[in-house]
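**Q** Please read through the structure below; I'll follow up with questions.
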Amino acid sequence: MKFQLLPSTFDERGCVSPKQHLACFVIDDCAAIDAGSLATASDSTQKKQIRDIVLTHAHLDHIAGLPLFIDDLFACLSEPILIHATAEVIEILERDIFNWDIYPRFSELTNEFGAALEYRPFEIGEEFSIKHLRFKSVSVNHKVPSVGFVVSDGKTTFAFSGDTAETNDFWKVVNDEEKMDAVLIECAFPNELDDLAEISHHLTPKTLKKEIAKLRHASSPIYVINLKPMYREEIVKQIGELENEKLLILDVGRIYDW
Ligand SMILES: [Zn+2]
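Read in order, the letters of the sequence shown correspond to residues 2 to 259 in our numbering.
This is the structure in C-alpha cells:
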C-alpha cells in the first residue's frame, strides 16, 4: 500500500518544507483522507485518479483544498467527486463552505457528464469500501465531531487518528484488529502548551506517551502526524526524549510503501 502526506508548506526558496500546515493523506494515488492541500500539492496522476475523499472533520486545515480541487477539475470530471463523511460534517460543508457565498454549491451543479460532487455519509462505527480499500470509522475526542479510521486493502492495515485528545474508542478498534502495519497519531502541541492542547482537544508528547501505551500491537511503527508547524522542532525534540524507537515522525511528501 502506497501512502503519502502531501506537502503544504514551502520555505523561502519555494522548496517543500517539512512543516505541515494542511492535512491531506493520499492512499494508492486513488483516495484521500482529508483534503487540506489536495488541490495545490497533488500530482497529475493523483488529480486524475482521486475521486474519493474521506474527511475526519471539517476544520479548515483538513478541508481547505477541497473546494479548489473540485473547482479545478469541474469541467473534466467524468464521474463525481465522492465525499465520504459523517452527516454532521456534510451539513457543515453545505452550510459554511459550499453555500454560494464562500464557494459554489457543487452538489447542485452538473457538467456535461453529470454530477460533479456527491456525498456518501457514513455512521460512526460503520465500515465502507472505496475501490480496493476498506474503511472502518471510529469516534475520536476532538473539539468538533471527528473520526479516525482503520484502513485495509486486505494485506496491509493501518490506523489513523486524525485530530484527537485522549481517547479510548480509537484504541479499542485498533487493538481489536488481528494485525496492524502502521498507526498514525496526532501530536499538535509541545508540552509547555498543554493548556492550549487541552482546550482545543489535541495531544502533546506527554499525553501522546499515555495514548500509545494503550496500543496492543507491539511491533507496529507509530507515525506522528499533524504537528503544528510553528512548534514542529520543539515537538520533534520532545518526542525524541520519549526514547521509543517505534515512534517516528511521518515525513511530509515521502511516499511510504507499507
Ligand atoms: Zn481539528
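Glycine included, every Cβ here is placed at the ideal spot set by N, Cα and C.
None of these values were measured; they are calculated from a predicted model.
DSSP beta-bridge partners for K137?
**A** K137 is bridged to E128, V151.
**Q** Across which residues does DSSP place Y104 in a beta bridge pair?
**A** Paired residues: none, contrary to the question.
**Q** Specify which residues have a beta carbon nearer than 6 Å to any heavy atom of ligand 1, listing them in chain order.
**A** The filter returns H58, H60, H143, D164, in chain order.
**Q** Counting only runs that start and end within the region 75-105, where is the alpha helix (DSSP H) found for 4 or more residues in a row?
**A** Within the region 75-105, the complete alpha helix (DSSP H) runs of at least 4 residues are 88-93.
**Q** Provide the residue span of the alpha helix (DSSP H) that contains A32, from first to last.
**A** Careful: A32 lies outside any alpha helix (DSSP H), inside the beta strand (DSSP E) at 32-34.
**Q** Could you please give the first and the last residue of the uninterrupted beta strand (DSSP E) stretch that includes E119?
**A** Run containing E119: 118-122, per the beta strand (DSSP E) assignment.
**Q** Please list, in chain order, all residues of the same chain as S162 whose beta carbon is under 7 Å from its beta carbon, the five residues on each side excluded.
**A** If we look at S162 and ignore the five residues flanking it on each side, its Cβ neighbours are V141, G149, F171, L185, I186, E187.
**Q** Quick one: grab the DSSP three-state call for T158.
**A** Strand at T158.
**Q** Strictly by DSSP, which residues pair up with A183?
**A** Bridge partners of A183: F159.
**Q** Go ahead and pull the three-state DSSP assignment for K210.
**A** In this structure, K210 counts as helix in the three-state DSSP scheme.
**Q** I want to see whether chain D comes within less than 8 Å of L6, judged by CB atoms only; does it?
**A** Absence of chain D from the displayed structure is noted, only one protein chain being present.
**Q** Mapping DSSP to helix, strand and coil, what is T10?
**A** The answer is coil: DSSP assigns T10 none of H, G, I, E or B.
**Q** Whose C-beta lies closer than 6 Å to the C-beta of A65 among residues of the same chain, with five residues either side of it excluded?
**A** Closer than 6 Å at the Cβ level, and outside the excluded window around A65, lie L23, G37.
**Q** State the DSSP-derived secondary structure class of T165, mapped to helix, strand or coil.
**A** Coil at T165, not helix or strand.
**Q** Here's the rule I'm using: 16 or more other beta-carbon atoms within 10 Å means buried, otherwise exposed. How should K260 be labelled?
**A** The structure shown does not extend to residue 260, since the chain spans only 2 to 259, so no value can be given for it.
**Q** Counting only runs that start and end within the region 183-258, where is the beta strand (DSSP E) found for 3 or more residues in a row?
**A** If we require 3 residues or more, the beta strand (DSSP E) runs fully inside the region 183-258 come out as 183-187, 223-226, 248-250, 256-258.
**Q** On the DSSP letters alone, give me the boundaries of the alpha helix (DSSP H) that V174 sits inside.
**A** Looking at the DSSP string, the run of the alpha helix (DSSP H) that includes V174 is 170-177.
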